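Asker:
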Amino acid sequence: MPALTLVSFDACPYVQRAAILLQEQGRPYDIRYIDLRRKPDWFLAISPNGLVPVLQVDETPIFESTVILEYLDETAETGRLLPADPLERARQRMWISYIAGVMSAGWRVQAARDEAGARAVVTELRTHFAELAKNLPDSGPLWGGETLTMVDVAIAPILQRFAWAEALEPTLGLFDGLPRIQAWRDALLARPSLTASIVPDLEQRSARMLHALHSWVARDVG
Ligand SMILES: N[C@@H](CCC(=O)N[C@@H](CS)C(=O)NCC(=O)O)C(=O)O
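Residue 50 in our numbering sits at position 66 of the sequence shown, with consecutive numbering throughout.
1. Would you call the CB atoms of Val36 and Ile46 closer than 8 Å?
2. Could you tell me if Gly161 is buried or exposed, where buried requires 16 or more neighbouring beta carbons within 10 angstroms of its beta carbon?
3. With a threshold of 16 other CB atoms inside 10 Å of the CB of Asp136, please say whether the residue is buried or exposed.
4. Based on the DSSP output, what are the partners of Arg16 in its beta bridges?
5. Considering only C-alpha positions, which residue in the set Ile182, Met193, Ala202 is nearest to Asp(-6)?
6. Using 8 Å as the threshold, is the C-beta distance between Ala149 and Val201 below it?
7. Starting from Pro163 and walking both ways along the alpha helix (DSSP H), at which residues does that stretch end?
8. Please identify the residue among Leu152, Thr(-11), Arg1 whose C-alpha is closest to the C-alpha of Ala191.
9. Report the residue from Thr131, Leu143, Glu58, Leu120 whose alpha carbon sits nearest the alpha carbon of Leu178.
10. Should Pro(-3) go down as buried or exposed, given a rule of 16 or more other Cβ atoms within 10 Å for buried?
11. Let me know if Glu(-1) comes out buried or exposed under the rule of 16 or more other beta-carbons within 10 Å of its beta-carbon.
12. Using the C-alpha atoms, what's the distance from Trp127 back to Leu71?
13. Would you say Ala100 lies against chain B (beta-carbon separation less than 8 Å)?
14. Looking only at its own chain, which residues have a Cβ that is under 8 Å from the Cβ of Gly85, when we skip the five neighbours before and after it?
15. If you run the structure through DSSP and keep just helix, strand and coil, what is Gly124?
16. Expressed to the nearest angstrom, what Euclidean distance is found between the alpha-carbon atoms of Trp91 and Ala68?
17. Determine the contact status of Gln76 and Thr133, defining contact as a CB-CB distance below 8 Å.
18. Quick check on the DSSP output: what are the complete alpha helix (DSSP H) runs of length 4 or more inside the region 90 to 160, in order along the chain?
19. Following the continuous alpha helix (DSSP H) through Val41, name the residue where it begins and the one where it ends.
20. My assumption, with CB atoms under 8 Å, is that Leu56 sits in contact with Leu5. Please give the rounded CB distance.
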């Protein structure tokens, strides 16, 4: 098996997707953190758009989190998450693509500098959640019922950040009246892979980082 190194910024939810899948697969990997404000030359040489994550597979870099997820899945010895059936695979990819909008709105709600701005993004996000909820199965909390899918891996980091945002500002109401999304979030957050995919104090550090950026949800963080 090739040596895997995940090039990371520790607060990045896109990196976390890859870390979750590696943890779920029980696959050994190294992690190399960089400072995004001072990107080293070796990093810019392997990341043409200057973004993390990059997965180094021996000497070969792969960038773009969804591409990394697919590579990791295709090279798993057992327990692949993407289905063999092309139509089912297309459906998972389609929803992973839909989640890109949730990811970007997720950052905007955390970073909004005033209440009106944050609440406007909440309204947008709740529309996305309602759409996703319609497609969650009756058979269990995950996208595949009881079975983990690639859609679950793709959305887990941002659901975790929403849970943190709600802890900072309980009146946000992101999940109000959306029991399926709440159950999905809780089932994902309970997985050991989620805990193992981040540094232990990330919730507190993220809150301080948002506070320093004058985020409304993190306005009272000390
Ligand atoms: N579409 C990319 C998005 C990755 C991304 O936005 N990464 C952020 C950190 S969370 C980044 O590297 N930002 C560097 C910068 O903006 O200079 C992916 O899925 O891998």
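From the three backbone atoms N, C-alpha and C, an ideal C-beta is built for every residue, glycine too.
This one's a predicted model, so the numbers in the text were calculated from it and none came from an experiment.
Answerer: Once the coordinates are examined:
1. no
2. exposed
3. buried
4. Val(-9)
5. Ile182
6. yes
7. 163 to 173
8. Leu152
9. Leu143
10. buried
11. The sequence shown places Val at residue -1, rather than the Glu named in the question. Val(-1) comes out buried.
12. 16 Å
13. Here there is only one protein chain, and chain B is not present.
14. His112
15. coil
16. 33 Å
17. yes
18. 99 to 119, 134 to 152
19. No alpha helix (DSSP H) holds Val41; the beta strand (DSSP E) holding it covers 38 to 41.
20. 5 Å
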